[in-house]
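Peer 1: Just dropping this structure here.
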Amino acid sequence: MAIENPDNQKQKKLRYTIIIACIVLTMLIMGFTIYNSISTQPIETASNPEVSPDRTVVKIRCTVESPESGVWQGSGVLINKDGLIVTNAHVIPSLEEQGRFKQCLILVPDPDVPPNPEQLHPGHLDQYFAEPVVLEGTSKQYDLALLRITGPNIDQDGTVYGRWPREFPTIKNIGKCDKNFKIGDRLIVYGFPAVSMYDMTATEGVLSTIVDDYTFYTSAKVDAGNSGGLAVNEQGCFVGIPEALTGGVYEQYGVIISARAVADFLNEFKLDL
């Protein structure tokens with residue numbers, strides 16, 4: 001019986017080792033490539049492909065002239081690319097007060113600054129001016145109102161605080177998925193609290209009660225200043241506009257004007273989104 005040269009055996013083992021190592025390395029590279037491709041793809045939400053819902057939420061700060069100067073502030077949601085904003089009617093000056101209306105300053109998340117998971121929109125927001133869209137007889141029925149962005153904030157030195165013209169990120173599914181909502185659904189409420197000029201809050205809760213087609217209650221906290229902001233479910237679907245807190249026997253609930261109410265409000269005036 002022929003005895004194989006020990007050197008040949010070593011060479012065969014070395015070749016096998018190299019082949020196996022190459023196979024393992026190839027599999028690792030392929031796996032990393034696939035993972036990296038998946039992880040870097042933009043996440044599509046039900047609201048707007050490649051746009052996180054919180055990027056559509058703005059801070060509103062409106063002022064009126066003397067003799068009784070006043071400031072109205074809250075949150076709003078961009079609903080078309082040209083800068084149309086829906087908010088609560090009580091967030092902006094009423095029709096009677098608009099005779100003394102001065103201006104509304106709108107703070108919009110900078111599209112070039114990615115969301116920070118620890119603090120939403122920290123310290124840098126584009127600034128624009130907006131005017132109320134006067135729709136007679138709607139505030140009392142819906143507690144909803146509209147603002148339209150008219151241009152960027154420009155200071156006395158000529159510094160421009162918001163790019164213009166531009167297309168704004170928007171919520172696009174208003175009233176299109178409201179039939180899927182049910183009690184117990186998890187919600188997120190976005191808005192700019194009154195105590196902060198630049199930082200957004202996101203509070204979680206559940207859909208506690210469906211009062212009717214137009215009104216929901218949620219366990220999510222609605223801070224002062226968050227009125228007019230945005231409520232979405234876990235899939236990013238537009239649930240409605242947070243309005244206020246209401247007291248119950250045992251606890252307080254946040255009130256949400258439903259997506260259907262917002263859709264009916266917009267459809268009534270045939271607004272082009």
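No gaps in the numbering here: position 12 of the sequence shown is 12 in full-length UniProt numbering, and each next residue is one more.
No residue lacks a Cβ here, since even glycine has one placed at the ideal position from N, Cα and C.
Here the structure is a predicted model, which means the values were calculated and not measured.
In terms of residue numbering, what span does the alpha helix (DSSP H) encompassing Asn267 cover?
Peer 2: Ala259 to Glu268 is the span of the alpha helix (DSSP H), which, as asked, contains Asn267.
Peer 1: Which residues bound the beta strand (DSSP E) around Val64?
Peer 2: That run of the beta strand (DSSP E) goes Val57 to Val64.
Peer 1: Of all the options Val71, Tyr161 and Glu204, which has the alpha carbon lying nearest to the alpha carbon of Val108?
Peer 2: Taking only the C-alpha atoms, the option nearest Val108 is Tyr161.
Peer 1: Who are the Cβ neighbours of Ser258 in its own chain at under 6 Å, not counting the five residues just before and after it?
Peer 2: Excluding sequence neighbours, Ser258 sits near Tyr214, Phe216 and Gly240.
Peer 1: Suppose the cutoff is 6 Å on Cβ atoms and the five residues either side in sequence are ignored; what does the same chain contact list for Phe265 look like?
Peer 2: Excluding sequence neighbours, Phe265 sits near Tyr142 and Leu144.
Peer 1: Should Glu234 be labelled buried (16 or more other beta-carbon atoms within 10 Å of its own) or exposed?
Peer 2: Looking at its Cβ environment, which holds fewer than 16 other Cβ atoms inside 10 Å, Glu234 is exposed.
Peer 1: Taking the C-alpha atoms as reference points, what is the distance between Tyr128 and Arg163?
Peer 2: Approximately 9 Å, taken between the alpha carbons.
Peer 1: Going by CA-CA distance only, name the one from Gly175, Leu146, Val206 and Asp212 that's closest to Ala220.
Peer 2: Checked all of Gly175, Leu146, Val206 and Asp212; the closest Cα to Ala220 is Val206.
Peer 1: Please report the straight-line C-alpha distance between Thr209 and Ile154, rounded to a whole angstrom.
Peer 2: C-alpha separation (whole angstroms): 45 Å.
Peer 1: Helix, strand or coil for Pro132 per DSSP?
Peer 2: Here Pro132 sits in strand by DSSP.
Peer 1: Do Ile149 and Ile85 have their C-beta atoms closer together than 9 Å?
Peer 2: In contact: Ile149 and Ile85 (Cβ atoms closer than 9 Å).
Peer 1: Residues bridged to Cys177 by DSSP?
Peer 2: Answer by DSSP bridge pairing: none, since Cys177 is not bridged.
Peer 1: Just verifying my parser: in three-state terms, what is the DSSP assignment at Asp126?
Peer 2: Strand at Asp126.
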